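Each residue of the sequence shown is one higher than the one before, starting from 209 at the first, in my numbering.
We put the beta carbon where it would ideally sit given N, CA and C, even for glycine.
If you're wondering where the values come from, they're calculated on a predicted model, not measured in any experiment.
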Amino acid sequence: MEDCLICVVNTDDLDDEFNSCDTNEDYNTCICATDIRPYKSKGATWSLQKAIHYSFNQTLIKSMTLNIWSCGLDRCLNTWDTNQDIVARQNMIFISIEASHLNTIMSTSPSKQKSYLIIADSHGKNLNSIIMHNDYHIITHVVSGIQWINKYNQNLCIYSLIQQDPLAHLINSCTHVLFLVGTNSARNLPATRVINQIETVLDVLQSKYPHLKHNKTISIIATFPCLKESTFFPSISLLKANISSYNELLQTLSHTRKFSYVDLNVTVDHLSQDKMHVHHLCKDLMLDAIMKHINNLMIQIDNAILKTKNRSQEATTRRNKSRHMKLKNKQKAFTIIRKIHSTWSLKHLKYFLKHNEIKYGRLPETYNHKLRIQFNNLLHLKHAENILPTDIFSEINFHTWIREHEQHIFS
């Protein structure tokens with residue numbers, strides 16, 4: 209369903225009696241009711257709710273019906289005069305058609321039907337907005353130029369967009385989320401910073417949307433090769449190295465954060481003339497790889513559910529204890545030690561680590577003026593080592609830092 213009116217015709221010829229010059233032409237082949245046909249007469253008003261109910265015998269969700277849908281979405285109605293009109297109607301189409309269609313599908317078989325939301329940058333522009341399958345369906349939401357975190361443009365910032373409609377509504381409605389994002393971030397920031405941004409996004413997703421806390425409900429596609437230099441990476445070799453580092457760190461992160469790392473095996477040979485996007489002739493290869501991942505994922509999920517059902521309470525308790533011990537041992541292995549002056553309180557220390565985006569697993573009590581910071585993985589440990597010099601927690605550094613941040617700490 210693209211930018212068009214919803215109507216039912218009793219002919220196989222969709223161009224039958226079509227006259228693009230006359231927007232009020234009465235089509236004899238259309239069997240829609242008069243009051244939902246904007247072209248039936250000049251004074252007729254069109255209702256999206258009526259059209260969807262008449263054509264599909266479905267209704268919009270309540271939050272959608274609170275809006276006034278008094279204007280048509282068809283370009284032939286000449287209501288697309290300004291850029292603001294265009295954006296408004298595109299948003300209306302996206303929310304009303306895709307969201308209502310999604311609710312229709314899920315209401316048919318809520319316990320069995322899986323739904324996958326693809327959040328993509330311009331790499332997803334050639335994917336269909338809705339893809340139907342016997343066991344699941346896919347909805348694609350594309351925002352060209354989007355980054356994991358963009359401090360200068362909230363409309364191109366995943367961190368912001370996932371917390372507001374229409375994206376928030378779609379995430380709530382879908383069982384799985386797949387990100388086809390990364391190029392715009394990897395072209396403009398070091399790989400380690402981008403990975404930290406992804407962790408921040410994951411934290412928001414899993415706190416705001418509880419169903420995404422489960423394993424494999426989030427998938428992130430590896431960034432494609434790119435030969436288009438940027439200001440931050442003025443040479444192809446530097447850009448290649450950063451993208452390679454990004455993908456390696458992303459794969460490592462997938463093990464600790466329990467999301468799926470997806471490599472679509474896109475090569476330089478698949479790129480178009482702009483040296484960044486996949487050629488439109490290769491879009492089927494990309495879609496086939498995504499579908500293959502989803503099919504494999506569904507098999508893994510079904511097998512995991514079967515194992516969980518067969519596991520006794522005692523076995524679950526033993527398993528949880530074992531996982532807890534493994535985590536404690538891992539944290540002991542991923543430990544850095546720094547001398548610390550007594551002026552540093554636990555509150556100051558935690559704020560300092562948070563301010564520097566250091567994600568630790570555990571902070572044991574200081575002993576002998578030595579601070580031991582334990583981490584859940586090697587990536588977090590390396591990030592902390594790069595930021596924390598051996599004398600970072602001295603008395604002088606404390607007073608210097610407290611003067612700069614006292615207002616924020618005690619506010």
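Own chain residues within Cβ distance below 6 Å of residue i, not counting five before or after
i, result
"His588", "Lys567"
"Phe440", "Asn396"
"Pro418", "none"
"Asn585", "Thr464"
"His501", "Val470"
"Lys534", "none"
"Ala430", "Asn455, Asp471"
Residue range of the alpha helix (DSSP H) that includes residue i
i, result
"Ala430", "Where Ala430 is concerned, there is no enclosing alpha helix (DSSP H), given that its DSSP letter is neither H nor E."
"Val402", "399–416"
"His532", "521–541"
"Leu561", "554–563"
"Tyr367", "366–369"
"Leu589", "586–595"
"Ile444", "444–465"
"Ser393", "391–394"
"His345", "Where His345 is concerned, there is no enclosing alpha helix (DSSP H), although the beta strand (DSSP E) it sits in stretches over 344–350."
Beta-carbon proximity of residue i to residue j, cut-off 8 Å
i, j, result
"Ile347", "Ile357", "no"
"Ile366", "Leu461", "no"
"Leu447", "Arg401", "no"
"Leu579", "Arg546", "yes"
"Ser352", "Asp373", "no"
"Gly569", "Phe560", "no"
"Gln405", "Ser415", "no"
"Leu375", "His349", "yes"
Neighbourhood of residue i by C-beta distance below 8 Å, restricted to the same chain and skipping five residues each side
i, result
"Leu413", "Ile370, Ile379, Val385, Leu420, Ile426"
"Tyr575", "none"
"Ser438", "Arg395, Asn396, Leu447"
N- and C-terminal bounds of the beta strand (DSSP E) containing residue i
i, result
"Lys578", "578–582"
"Lys322", "322–328"
"Ile338", "338–340"
"His549", "Note, His549: premise wrong, no beta strand (DSSP E); not H, not E."
Assigned exposure category for residue i - 16 Cβ within 10 Å defines buried
i, result
"Phe606", "buried"
"Leu489", "exposed"
"Gly202", "Given that the chain is displayed from residue 209 to residue 619, the structure contains no residue 202 and the question cannot be resolved."
"Pro433", "buried"
"Lys270", "Confidence is the limiting factor: at Lys270 the pLDDT is only 47, short of 50, which leaves the residue's position unreliable and the question unanswerable from this model."
"Ile595", "exposed"
"Ser480", "exposed"
"Val476", "exposed"
"Trp608", "A quick correction: the sequence has Thr, not Trp, at residue 608. That one is exposed."
"Trp277", "Interpretation of Trp277 is limited by its pLDDT of 45, a score under 50 that renders its predicted location unreliable; no figure is taken from the coordinates."
"Ala592", "buried"
Rounded distance between the beta-carbons of residue j and residue i, thought under 8 Å
i, j, result
"Val389", "Ile327", "6 Å"
"Ala497", "Leu458", "Their Cβ separation, rounded to whole angstroms, is 17 Å, which puts Ala497 and Leu458 out of contact at 8 Å."
"Thr383", "Ser323", "5 Å"
"Leu505", "Lys424", "6 Å"
"His577", "Ile604", "Actually they do not touch by this definition, with Cβ atoms about 15 Å apart."
"Thr543", "Ile581", "7 Å"
Nonlocal neighbours in the same chain, by C-beta distance under 7 Å from residue i, ignoring five residues either side
i, result
"Ala399", "Asn450, Ser453, Tyr454, Leu457"
"Leu495", "Leu335"
"Thr601", "Note on identity: in this sequence residue 601 is Phe, with Thr being the wrong assignment. Within the same chain, Phe601 has close Cβ partners Arg546, Lys547, Ile548, His549, Trp552, Leu579."
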